[in-house]
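K.L.:
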Amino acid sequence: MLMRNRSLAALLILAASVSGAAAETTAREALREACSADFKTFCATVTPGGGRILRCLQDNREKLSDACRAALAAAKPAR
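If you use mature numbering (1 follows the signal peptide of the UniProt record, and there is no 0), the sequence shown corresponds to residues -21 to -1, 1 to 58, in order.
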């Protein structure tokens, strides 16, 4: 019985971590879709990695499309 409870607990922890990763992936995909034109306009010369693209978009927030700004705001809690 104890082994069964441990297995169930491990399965629940794994499911929760996969669910969180899936939500983060969905937020990233939405951000990529909403901000692709803004990225090309304002951040095309930025080398990807280390959060540099996100930082560039945030630095140019006032110039971004409404859809991109909304996607940035929606993605913020996921980070």
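Ideal Cβ placement from N, Cα and C applies to all residues, glycine included. Since the model is a prediction, treat every value here as computed from it, not as a measurement.
Rounded to a whole number of angstroms, what is the C-alpha to C-alpha distance between Asp38 and Thr5?
P.N.:
Spanning the two alpha carbons is a distance of roughly 23 Å.
K.L.:
Are Leu10 and Ala49 closer than 7 Å when you measure CB to CB?
P.N.:
Going by C-beta atoms, Leu10 is not nearer than 7 Å to Ala49.
K.L.:
Whole-angstrom Cβ separation of Cys22 and Cys35, contact assumed at under 8 Å?
P.N.:
About 4 Å; that satisfies the 8 Å criterion.
K.L.:
Expressed to the nearest angstrom, what Euclidean distance is found between the alpha-carbon atoms of Ala16 and Asp45?
P.N.:
Straight-line Cα distance between these residues: approximately 12 Å.
K.L.:
Using the C-alpha atoms, what's the distance from Glu8 back to Ala52?
P.N.:
If I take the Cα positions, the gap works out to 14 Å.
K.L.:
From what residue to what residue does the alpha helix (DSSP H) around Cys47 run?
P.N.:
45 to 54 is the extent of the alpha helix (DSSP H) around Cys47.
K.L.:
Taking only the alpha-carbon atoms, compute the straight-line gap between Gly29 and Lys42 and give it to the nearest angstrom.
P.N.:
Distance between the alpha carbons of Gly29 and Lys42 is about 22 Å.
K.L.:
Output the distance between the C-alpha atoms of Phe18 and Lys55, rounded to the nearest integer angstrom.
P.N.:
Taking the straight line from one Cα to the other gives about 17 Å.
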